[in-house]
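Protein chains: 2
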Amino acid sequence: MTIFTRPILEINLQNLLANYKLLSKLAPKSISAAVVKDDAYGLGAKKVAEFLYREGGCRSFFVAHGVEGAIVRSVAPEAEIYVLQGMGEDSLKDFQKCRLTPVISCPQQLEFWKKHRLDGIRPVIHIETGLNRLGFRENELAALSAEDKNEFSYVMSHLACADEQGHFMNARQLENFRRLTAKYFPGLPASLSASDGVFLGTEFQFDMVRLGAAMYGINTAPYRENRMQSLITVTAPVLQVEDLPEGEFVGYSATYRANSRRRIAIVSIGYGDGLPRSLSNVGKVFFKNGKTRFEARIIGRISMDNVICDITGIPDVCPGDWAFLLDENYTLDDMGRDAGTIAYEVVSRLGKNPRFDRRYK
Amino acid sequence: MTIFTRPILEINLQNLLANYKLLSKLAPKSISAAVVKDDAYGLGAKKVAEFLYREGGCRSFFVAHGVEGAIVRSVAPEAEIYVLQGMGEDSLKDFQKCRLTPVISCPQQLEFWKKHRLDGIRPVIHIETGLNRLGFRENELAALSAEDKNEFSYVMSHLACADEQGHFMNARQLENFRRLTAKYFPGLPASLSASDGVFLGTEFQFDMVRLGAAMYGINTAPYRENRMQSLITVTAPVLQVEDLPEGEFVGYSATYRANSRRRIAIVSIGYGDGLPRSLSNVGKVFFKNGKTRFEARIIGRISMDNVICDITGIPDVCPGDWAFLLDENYTLDDMGRDAGTIAYEVVSRLGKNPRFDRRYK
């Protein structure tokens, strides 16, 4: 027996690549762009983009911010790097230095572009089709001059409900996108779908698909079993194992009371590491003994650095053992569901924890 | 008018220092240790520790992990640096190189210590008094030899309900702490309270208090008005402003429907930046026009990079304007409450966003 204290995040880049290839196969006529914004959903934009560029032949990347584009450029010298939030005073230098392509979502961004055009770059125009987030509204499209419309290399939009097959919004947005592109940008290459839209069928795929969540293993088509492979494993060491007498309380604000004698393990990971605090008294932690997998419930409030698990009946758990917070059997989707949120938020948080011993496979 | 795209996090170190000094005054007979674990609750352990060491004369720091202690050591050469999760195989090098002091919470950690003692370092023993998290239970204390008990420089415990004045657990833990320290460690310096315990009165303060949350501006005594100063301001640029026709839906899964004509602003910050997604359709965003402060409601689901606000009736909001997500009027405590969690989790997340333009004041 020895002692460990630090949680581990393992990221399987081979599974990332397999997911990227499977998604590309599902949209064979479209360019497969990789969405690596938010530090590749927390998994490390530099590593992820470099791997997809080198091993996957990916030559189109989407980020949210110029500062993110600069990181991707350092590992993807020949790629198109599209920046979804557009170009601003505060990101102009990154755009210039790193040859980034802005996505332009409103007339004011277009004005800014016309004052600061970048040599050899033709921006993307984002048009609104039903999400009511970023994008030109039709009255703004109607006001564009012929010259304005010639600025662009791509027209894109984004789906609101693509993870729900049969949602009325999918057909509505598809129709809006077809109508608006035909009217204002006939012949211009088009992109409508992120990875959830890919599963809705070929008519949603157009010239480029933007692969994000599903590539990271998230089930973006939850109306059926996940076809993606899980990428990440989170483990944390057991620091201490104790008996918990009946009547004792556990954790901050004493939200758990032992109504019978229990056995508990204190595990070295908490919300400071990105574990959602909403898993308090709800979430699950797993222990492995040989080939057997045991499920333990999180009891009491999750604290910044620790989580307490009820391991009653699980044999032989000791300090120095490892608890599994996420693996191929308890995935980001499972944790998102249990935490009352979505897998995207879970991975975005966990991935940003500097205390992890982070390992790429 | 110009365009900005990147959110800004401003951290006021003067207010941090003022909070540290006020808390020290409230516990005049105790050493004021600064808790800078979890990257100083996300606010940057290096900057925070360096400032407190240089300007506040702080010579005692608490971190959770060895890897965090190494960062603090680089800016606090003469300080005591206590590591709450203890020392393990995976942190031994940091302990040796950076002269860190482990907190030892169970017999197995003590065994590990006895195999790897560090010259000139005397560890802290953590004893359990009611939180049922880390710490020696009484049967384990009773089993310690006289030699074992001589290993330590401090005895500590941690309160479960110190943010609730009059909670039965406070008196129970105080009594347990007094009894156990008198019985097993008479004369050894003692530490029971974090910043919430400081407000419970002098009998909770002992020889050292561990100042964390309150120092960062969080109200750890929510039964009365906050006496701490707010440290952080989060602002994000408006990317786009639009009319939203009646009947339109907003955001993913169409969870918001406009039941009258509204005006909306799309603001460049999302859960990828650490904004809790649970603020969807609930949270607030503020706009300033001269000296007037306007409150806007978050509508629809918060997405990874954007939040949509209902700005109906707020005059003159344009792309390039700034939205206030957190400031001295809408604090971490307010956001924690609205998000269904606590300020600690909010700041720990926001602080880890690498997309922020981060400014120290």
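Note that the protein sequences, when read in sequence, are chains A and B. At position 60 of the first sequence (counting the first as 1) the number is 60 in this note's numbering, and the numbers step up by one without a gap. At position 106 of the second sequence (counting the first as 1) the number is 1106 in this note's numbering, and the numbers step up by one without a gap. Using N, Cα and C, we set each Cβ at its ideal position, and we do this for glycine too.
Burial is judged here by how many other beta carbons sit within 10 angstroms of a residue's own beta carbon; G340 of chain A has fewer than 16 and is exposed. Residue A:G130 holds the alpha-carbon nearest to the alpha-carbon of S157 of chain A among A:G130, A:L144 and A:D148. Assignment of V1072 of chain B by DSSP, reduced to helix, strand and coil, places it in the helix class.
Secondary structure note for K47 of chain A: its alpha helix (DSSP H) is the uninterrupted segment A45 to E55. Minimum Cα-Cα distance from V155 of chain A among the listed residues A:Q173, A:P189 and A:N139 corresponds to A:P189. The secondary-structure analysis by DSSP pairs D1357 of chain B across a beta bridge with B:I1008. DSSP, reduced to helix, strand and coil, places E80 of chain A within a strand of the structure shown. Rounded to the nearest angstrom, the Cβ distance from I104 of chain A to V124 of chain A is 7 Å, consistent with a contact under 8 Å. Annotated three-state conformation of N170 of chain A is helix, per DSSP.
Between G1042 of chain B and G1351 of chain B, the C-beta spacing is below 8 Å. With a beta-carbon spacing of about 4 Å, G300 of chain A and V250 of chain A fall inside the 8 Å limit used to define contacts. When the beta-carbon positions are compared, T1255 of chain B and N1226 of chain B stay at least 8 Å from each other. A buried status is given to G66 of chain A, since no fewer than 16 other beta-carbon atoms sit within 10 Å of its beta-carbon. For E1080 of chain B, the closest alpha carbon among the candidates B:K1093, B:Y1344 and B:Y1053 is that of B:Y1053. Counted as a single uninterrupted DSSP element, the stretch harbouring D243 of chain A is not any alpha helix (DSSP H) but the beta strand (DSSP E) occupying residues I232 to L244. Taking one beta carbon from each stretch, the stretch 1286-1304 of chain B and the stretch 1312-1327 of chain B have 3 or more pairs nearer than 8 Å; the two touch. Counting along the chain, M335 of chain A sits inside no beta strand (DSSP E); it lies in the alpha helix (DSSP H) bounded by residues L332 to D338. Contact annotation: the stretch 195-207 of chain A touches the stretch 160-176 of chain A, with at least three C-beta pairs closer than 8 Å. For I1218 of chain B, the closest C-alpha among the options B:F1152, B:Y1330 and B:E1055 is that of B:Y1330. Any Cβ of chain B closer than 8 Å to the Cβ of D321 of chain A would place that residue at the interface, and such an atom is absent. Close CB contacts of C318 of chain A within its chain, under the 8 Å cut and outside five residues either way in sequence, are with M1, V238 and V241 (chain order). At least 8 Å separates the beta-carbon of F1061 of chain B from that of L1084 of chain B.
For the stretch 1261-1289 of chain B, residues whose beta-carbon sits nearer than 9 Å to a beta-carbon of chain A comprise I1264, I1266, S1268, G1270, Y1271, G1272, D1273, G1274, P1276, R1277 and S1278. Among the residues facing chain A, F1324 of chain B is not included, as its CB has no counterpart in that chain under 8 Å away. Taking 8 Å as the threshold, the shortest C-beta distance from I1298 of chain B to chain A does not fall below it.
Only K37, D38, D39, Y41, G42, A64, H65, G66 and V67 from the stretch 37-67 of chain A bring a Cβ to less than 9 Å from some Cβ of chain B.
Chain order gives no chain A residues near N1219 of chain B, where near means a beta carbon separation below 8 Å; the closest approach is about 15 Å.
In the DSSP assignment, A18 of chain A falls within the unbroken alpha helix (DSSP H) covering L13 to L26. A buried status is given to P276 of chain A, since no fewer than 16 other beta-carbon atoms sit within 10 Å of its beta-carbon.
Going by DSSP, D38 of chain A is part of the alpha helix (DSSP H) stretching over K37 to Y41. Secondary structure note for S60 of chain A: its beta strand (DSSP E) is the uninterrupted segment S60 to V63. The C-beta separation of I1308 of chain B from I1269 of chain B comes to about 11 Å, leaving the pair out of contact by the 8 Å criterion.
DSSP places V1347 of chain B in the uninterrupted alpha helix (DSSP H) bounded by A1343 to L1350. Using a C-beta cut-off of 8 Å, the stretch 1083-1098 of chain B makes contact with the stretch 1106-1117 of chain B, since at least three inter-stretch Cβ pairs fall below that distance. Here Y1154 of chain B is bridged, per DSSP, to B:V1124.
The beta-carbon of I1311 of chain B is placed no less than 8 Å from the nearest beta-carbon of chain A.
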